[in-house]
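Input: a single structure, listed below in structure tokens.
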Amino acid sequence: MGIRFLTAGESHGPALSCIVEGLPAGLPISLEQINHDLSRRQTGYGAGARMKIERDTAQITGGIVNGVTIGAPVGMLVENLDWKNWKDKAPPPQTIPRPGHADLAGATKYDLSDLRMVGERASARETAMRVAAGSLARQLLAQFNIIVGSYVTEIGGEIAELAEIPYTERFARAEANDVRVYDDASAEKIRQRIYAIMQQKETGGGVIETVALNLPIGLGSHTHWDRKLDGRLAQALMSIHSVKGVEIGRAFENARKLGTQAQDEIFARDGKLFRETNRAGGLEGGLTNGEPLVLRAALKPIATTLTPTRSIDVTTRDAAMMIYQRSDLVHIPRACVITEAMVCLVLADAMLEKFGGDSLREMRAHFDAWNPTWPDVTSRG
Ligand code: EPS
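Residue 497 in my numbering sits at position 163 of the sequence shown, and the numbers go up by one each step.
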């Protein structure tokens with residue numbers, strides 16, 4: 335069994351927490367790295383006012399002793415600093431569901447008369463815990479030289495130039511600006527688009543590309559539906575708030591091509607295999623093929639808009655306008671960090687499945703001893 339994780343906590347409750355089970359013992363964990371990832375999630379042009387209140391930092395509550403995992407479940411806690419502003423308040427029940435939010439269906443399902451009880455848990459605040467958990471997975475992957483990064487490819491219909499530069503350079507450049515777009519001219523256009531969206535009292539969606547480098551061949555499996563890595567990655571990405579579509583490689587472009595034009599032909603030079611293209615996004619038959627793993631996620635605009643949408647009051651059934659609650663305006667730059675976290679968790683799970691081991695030492699021994707019959711792949715990073 336690989337990695338399992340659970341999160342708990344409401345947006346305006348005292349804290350968020352998580353349990354990550356299945357990490358091998360002996361893995362050094364940097365709390366600074368976790369907190370760095372948490373702070374990356376907090377920044378980005380278009381974030382809401384809540385991010386000015388919070389200073390997300392993780393407390394380790396179990397499973398790590400003197401900075402090293404001991405094989406036990408890892409517990410983590412992130413306090414909600416905003417809690418003190420809410421704990422003594424009793425806001426009136428929320429009775430107008432936001433179209434596009436979980437409010438209506440969630441309250442119907444759980445028989446809740448105050449729709450706030452749905453929003454409290456449906457809030458993307460929960461993703462802070464996914465990022466903390468994902469940071470543990472990222473640190474395991476780093477032991478095997480696997481890197482996961484991301485960048486924004488479009489926001490509000492403004493599409494970025496995607497020059498074919500090395501992925502590590504794309505990550506570094508995207509990290510250096512507040513919209514996480516690696517092409518400077520495109521970053522400026524996208525920043526202006528976000529500004530215009532906010533001026534219109536609107537929210538905006540977009541697309542994020544998340545990439546993993548240096549993956550061994552053969553993570554996942556072609557043998558059964560629930561072991562296929564593409565399905566597992568898609569599920570993990572789709573579980574992120576507002577993600578409504580996932581593309582592996584250039585799936586939609588490939589769908590318009592003829593068969594011979596949609597594959598990545600295989601060549602060999604000096605005994606090493608290589609490809610000239612990566613249309614499949616690093617996955618064939620549900621397995622990694624040694625190429626960079628390239629995943630796209632399409633995120634719809636957040637449902638909580640300053641300009642109200644039409645709804646009804648569930649108590650009277652009368653027409654009513656949605657009542658604005660504080661939220662992000664354009665969440666796409668921030669969401670990059672969340673897609674990375676979910677991809678790290680799935681890949682760490684797949685690495686443990688392939689190489690196993692109760693300790694990092696055992697896992698590394700399996701990894702080092704693994705000697706596939708077919709020759710190395712020269713992966714273009
Ligand atoms: C978020 C915290 C939330 C929202 C946002 C993300 O806090 P609050 O509701 O107090 O402003 O700002 O959540 C959403 C966008 C959403 O739709 O739920 C966070 O920590 O990321």
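The C-beta atom is built at its ideal place from N, Cα and C for all residues, glycine as well.
Worksheet item: How many Å lie between residue 686 and residue 526 at the Cα?
Response: In this model, residue 686 and residue 526 are separated by some 43 angstroms (Cα to Cα).
Fill in: Counted within 10 angstroms of its Cβ, other Cβ atoms place residue 479 as buried (16 or more) or exposed
exposed
Discussion item. Can you check which of these residues, 588, 628, 500, 517, is closest to residue 563 by C-alpha distance?
Written reply: 628
Worksheet item: Of all the options 426, 514, 670, which has the alpha carbon lying nearest to the alpha carbon of residue 448?
Response: 426
Worksheet item: Which residue comes first and which comes last in the beta strand (DSSP E) that contains residue 619?
Response: Element bounds for residue 619: n/a, residue is neither H nor E.
Item to complete: Could you say if the region 538 to 548 and the region 485 to 500 meet the contact criterion of at least three C-beta pairs nearer than 8 angstroms?
Response: yes
Fill in: Close-in-space but distant-in-sequence residues of the same chain around residue 600 (CB under 7 angstroms, 5 per side omitted)
607, 609
Fill in: Exposed unless 16 or more other CB atoms sit within 10 angstroms - verdict on residue 362
Around the Cβ of residue 362, a 10 Å sphere holds fewer than 16 other Cβ atoms; the residue is exposed.
Worksheet item: Could you give the C-beta distance for residue 412 and residue 462, rounded to a whole number, given that I count them as a contact under 8 angstroms?
Response: That pair is a contact at about 5 angstroms.
Worksheet item: Should residue 558 be labelled buried (16 or more other beta-carbon atoms within 10 Å of its own) or exposed?
Response: exposed
Discussion item. Taking the beta strand (DSSP E) that residue 413 belongs to, which residues open and close that run?
Written reply: Residue range 408 to 413 is occupied by the beta strand (DSSP E) that includes residue 413.
Worksheet entry | Cβ pair count under 8 angstroms reaching 3, the region 341 to 359 against the region 437 to 456 | Three or more Cβ pairs closer than 8 angstroms define a contact, and the region 341 to 359 meets that threshold against the region 437 to 456.
Worksheet entry | Cross-strand partners of residue 362 (DSSP beta bridge) | 402
Worksheet item: Is the closest heavy atom of the ligand EPS to the C-beta of residue 457 under 7 angstroms?
Response: The answer is yes for residue 457.
Worksheet item: Does the beta-carbon of residue 622 have 16 or more other beta-carbons within 10 angstroms, so that it is buried, or is it exposed?
Response: buried
Discussion item. Quick check: what's the CA-CA separation for residue 551 versus residue 401?
Written reply: The straight-line gap from Cα to Cα measures roughly 31 angstroms.
Worksheet item: Based on Cα-Cα distance, which residue from 523, 696, 545 lies nearest to residue 678?
Response: 545
Worksheet item: residue 508: which of 671, 336, 410 sits nearest, CA to CA?
Response: 671
Discussion item. Taking the alpha carbon of residue 565 as the reference point, which residue from 593, 454, 416, 680 has its own alpha carbon closest?
Written reply: 680
Worksheet item: Any heavy atom of the ligand EPS closer than 7 angstroms to the CB of residue 345?
Response: Residue 345 Cβ: within cutoff of the ligand EPS.
Worksheet item: Does the Cβ-Cβ distance between residue 580 and residue 630 come in under 8 angstroms?
Response: A contact, by the Cβ cut-off of 8 angstroms.
Item to complete: Within its chain, find whatever has a CB closer than 6 angstroms to the CB of residue 640; leave out the 5 residues flanking it on each side and keep chain order.
Response: 535, 658
Worksheet entry | Coarse secondary structure for residue 538, derived from DSSP in three states | The three-state reading of DSSP puts residue 538 in strand, counting E and B together.
Discussion item. Here's the rule I'm using: 16 or more other beta-carbon atoms within 10 Å means buried, otherwise exposed. How should residue 656 be labelled?
Written reply: A residue is called buried when at least 16 other Cβ atoms come within 10 angstroms of its Cβ; residue 656 meets this threshold and is buried.
Worksheet item: Which one or two residues does DSSP pair with residue 491 in a beta bridge?
Response: In DSSP, residue 491 forms no bridge with anything.
Worksheet item: Any heavy atom of the ligand EPS within a distance shorter than 7 angstroms of the CB on residue 590?
Response: Answer for residue 590: no, Cβ out of range of the ligand EPS.
Discussion item. Does the distance between the C-beta of residue 384 and the nearest non-hydrogen atom of the ligand EPS fall short of 7 angstroms?
Written reply: yes
Fill in: Distance between beta carbons of residue 392 and residue 369, contact taken as under 8 angstroms
About 6 angstroms; that satisfies the 8 angstroms criterion.
Item to complete: For the alpha helix (DSSP H) containing residue 532, list its first residue and its last residue.
Response: 518 to 533
Item to complete: May I ask which residues mark the beginning and end of the beta strand (DSSP E) holding residue 340?
Response: 338 to 342 is the extent of the beta strand (DSSP E) around residue 340.
Worksheet item: Run through DSSP, which three-state label would residue 717 get?
Response: Here the chain comprises residues numbered 335 to 715, so residue 717 is not present and cannot be evaluated.
Worksheet item: What are the residues that DSSP puts in a beta bridge with residue 393?
Response: 411
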